[in-house]
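Please read the structure below before turning to the comments.
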Amino acid sequence: MDEVRVGQESYEMPPREGFTVAHFLTVADIERSARFYERVFGGQILSSGDSDGAPGYIRIANTWLIVNVGGGPTPDKPSTVLSTPTDPDLVSSFMNIRVADIQKSYELWRGRGAEFITEPKDKYGETRCYIRDPDGYIIEVGQSKPEFAYG
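Start counting the sequence shown at 179; every next residue gets the next number (my numbering).
Written out as structure tokens, the structure is:
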């Protein structure tokens with residue numbers, strides 16, 4: 179069981195009680211994706227998957243990313259097919275990373291090989307930009323403006 183502490187809170191995968199949220203990505207190559215998230219975001223690869231279909235697990239900050247190749251229906255999802263994006267410009271969801279210093283994060287992650295769609299730009303109550311991962315998924319990186327209140 180892996181655990182990460184953020185302040186006084188503990189995050190485990192799998193949890194001992196309650197639940198933990200992890201993000202799943204269908205990828206073309208588990209190792210390539212795991213290495214990308216390790217290199218760019220400092221993620222810790224907990225499992226690299228295997229040829230029997232086990233996914234890769236990466237711990238990034240206070241969350242987990244699960245990566246696995248696509249495939250056809252399974253008994254627990256009989257009409258669902260998992261695949262990587264066919265058109266990287268048509269997006270239905272994305273990961274959102276909030277940072278304390280967007281310019282510093284932009285420079286650091288760009289230096290580690292992240293491909294940004296644009297440089298950070300002001301939008302509503304934040305400054306944000308997007309990274310495209312090796313399979314074409316986008317990742318929003320944003321920094322809230324101090325005067326902006328959520329909710």
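The beta-carbon is built from N, C-alpha and C at its ideal position, and this holds for glycine as well.
Here the structure is a predicted model, which is why all the values come from computation and not from measurement.
Could you tell me which residues DSSP pairs with residue i in its beta bridges?
{"i": "E304", "result": "K301, S322"}
{"i": "T204", "result": "N246"}
{"i": "I317", "result": "M273, I309"}
{"i": "E293", "result": "R310"}
I'd like to know whether the C-beta atoms of residue i and residue j end up nearer to each other than 9 Å.
{"i": "D311", "j": "F197", "result": "no"}
{"i": "L203", "j": "S211", "result": "yes"}
{"i": "G291", "j": "T305", "result": "no"}
{"i": "A327", "j": "G303", "result": "yes"}
Using the Cα positions of residue i and residue j, report the straight-line distance between them to the nearest angstrom.
{"i": "Y315", "j": "V259", "result": "17 Å"}
{"i": "F294", "j": "K282", "result": "14 Å"}
Can you tell me whether residue i is buried or exposed? The criterion is at least 16 other CB atoms within 10 Å of its CB, across all chains shown.
{"i": "V218", "result": "buried"}
{"i": "D300", "result": "exposed"}
{"i": "R194", "result": "exposed"}
{"i": "P192", "result": "exposed"}
{"i": "G249", "result": "exposed"}
Is residue i near the ligand GDP, going by C-beta to nearest heavy atom under 8 Å?
{"i": "G231", "result": "Judged by which ligands are present, the structure shown has none, so any question about the ligand GDP falls away."}
Which whole runs of the beta strand (DSSP E) in the region 227-263 are 3 residues long or more, in chain order?
The region 227-263 contains these whole beta strand (DSSP E) runs: 234-238, 241-246.
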